[in-house]
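Each remark here refers to the structure printed beneath this line.
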Amino acid sequence: MGEQKRKEQAKPEFIFGKKNYKFMLIGLGCIALGFILMAGGGSDDPNVFNPEIFNWRRIRLAPTLVLAGFAIEIYAILLNPDKE
Numbered sequence: 000m001g002e003q004k005r006k007e008q009a010k011p012e013f014i015f016g017k018k019n020y021k022f023m024l025i026g027l028g029c030i031a032l033g034f035i036l037m038a039g040g041g042s043d044d045p046n047v048f049n050p051e052i053f054n055w056r057r058i059r060l061a062p063t064l065v066l067a068g069f070a071i072e073i074y075a076i077l078l079n080p081d082k083e
């Protein structure tokens, strides 16, 4: 009977709060968007150079979004869900 009481008292709790998970999803979205923006730009013919691979979106915007996404993830982990 003691084990059953202990199981009833130990109800499962999440490590993070709802606020943390929201920020984690936003961070994952930023990371995914950054990798999507980085994709493409290659050439079908290996003998032809396509300068589209060095445009602003792939060189500046996409890596910045990925790094911002990782920063948001770190913030989401360190955020105190109880503090308002």
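FYI, numbering that gives the first Met the number 0 numbers position 68 of the sequence shown as 67, with every residue one higher than the one before it.
We put the CB at the ideal spot given by N, CA and C, even for glycine.
Rounded to the nearest whole angstrom, the C-alpha separation of residue 20 and residue 68 is 14 angstroms. The three-state reading of DSSP puts residue 40 in coil, since its state is none of H, G, I, E or B. Here the alpha carbon of residue 23 sits roughly 13 angstroms from the alpha carbon of residue 65.
In the structure shown, the three-state DSSP call for residue 14 is coil. Taking the CA atoms as reference points, residue 81 sits about 8 angstroms from residue 16.
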